[in-house]
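This note's numbering puts the first residue of the sequence shown at 23, with every later residue one more than the last.
Accompanying notes for the structure given below.
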Amino acid sequence: MNATDLITARETEQLSRNLLGYYEAIETASLDMLQAARDGDWDTVVKLEGACAVLIEQLKHASETRALGRDERALKSRIMQRILFNDAEIRTLAEPWLHDLSRMMGTSTDPKKMH
23 MNATDLITAR ETEQLSRNLL GYYEAIETAS LDMLQAARDG DWDTVVKLEG ACAVLIEQLK
83 HASETRALGR DERALKSRIM QRILFNDAEI RTLAEPWLHD LSRMMGTSTD PKKMH
């Protein structure tokens, strides 16, 4: 499943019934973002980042009415660790690009300070 296809009305309804589905969808999007970053396709990274933002907002709303059970919380923790690992790798790949952008704009922003 491609992350850009994750936000259809039907899938949103299915995800709202299963909070873990949101976390899994965000993980899928983060993997897609990592692959796009590895390919140097920063436009796709930005698009997928937007899809993640929508999923995160939907997750916040859905979690107001349903809590995760103990086993679900353990799985959520493992998924979150993988998402954070993907995010860290994306940032590592982006740092040279951010440094070049900063230099082109004539600023001395240190990309390492961004995270």
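All C-beta atoms in this analysis are idealised placements derived from N, C-alpha and C, irrespective of residue type, glycine included.
This one's a predicted model, so the numbers in the text were calculated from it and none came from an experiment.
| Query | Result |
| --- | --- |
| Per-residue burial, Asp54 [other beta carbons within 10 Å of its own, 16 or more giving buried] | buried |
| DSSP-derived helix/strand/coil call for Asn108 | helix |
| Rounded separation between Arg60 and Ser85 - CA only | 32 Å |
| Backbone CA spacing between Ser38 and Ala51 [nearest angstrom] | Reliability of the predicted coordinates at Ser38 is poor, the pLDDT of 49 falling under 50, and the value obtained from them is presented with this limitation in mind. In a straight line, the C-alpha of Ser38 is about 17 Å away from that of Ala51. |
| Proximal residues to Leu81 (C-beta, below 6 Å), its chain only, five neighbours per side dropped | Tyr44 |
| Contact under 9 Å by Cβ, Ile101 with Leu56 | no |
| Inter-residue CB distance, Leu77 and Ile105 (contact presumed, cutoff 8 Å) | With a Cβ gap of about 11 Å, Leu77 and Ile105 do not count as contacting. |
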